[in-house]
Amino acid sequence: MIIYTIRQIQSNSDTQNEKPIIYTAIEKEAVFKGGDSKLNQYISQHLNIPESAHNFSGKVIVNFVVNEDGSVSNIEIKQTIPIELKNEIEKLFKNMPNWTPAKSEGKNVKMRKIFPVLFSGNE
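Here you go:
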């Protein structure tokens, strides 16, 4: 069984050398087109859990950026998990349809998202 929730952190920069712009008000957060139900459906239909990870239990934190054009980039998984599972999660996010980008001050802006995926083993 896979359980997932979404948290987000807004940033206008995803490099270490640039200072991110922190907005005090955001007009619109980045959202998956069709909303949470479509995002859940996409994950359920497209996440292939490799045989080697069927007994994996735990929470996998996926960090990524929704760009100004709605594309997903900078996909990161920092914990140690089975490599095949990591590859499948990264592939899932890389091939994800474009999101509706965040807006601030009338402009599309980058938004960092944090997406925890819980695995209960015996998938």
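All residue numbers for the sequence shown refer to full-length UniProt numbering, where the first residue is 1 and numbers rise by one. Ideal placement from N, C-alpha and C gives every residue a C-beta, glycine not left out.
**Message:** Using the Cβ count rule (16 or more neighbours within 10 Å means buried), how would you classify Ser98?
**Reply:** For the record, residue 98 in the displayed sequence is Asn; it is not Ser. It is exposed - the Cβ of Asn98 has fewer than 16 other Cβ atoms within 10 Å.
**Asked** Among Gly35, Asp36, Ile43, which has the Cα closest to the Cα of Leu92?
**Response** Ile43
**Item:** Inter-residue CB distance, Glu88 and Leu47 (contact presumed, cutoff 8 Å)
**Value:** Contact holds; Cβ gap of about 7 Å.
**Message:** Beta-carbon within less than 7 Å of Gly121's beta-carbon, same chain only, minus the 5 sequence neighbours each way: which residues are those?
**Reply:** Asn55, Phe56, Ser57
**Item:** Opposing strand residues paired with residue 133 [DSSP bridges]
**Value:** Because the chain is modelled from 1 through 123, residue 133 falls outside the range shown and cannot be assessed.
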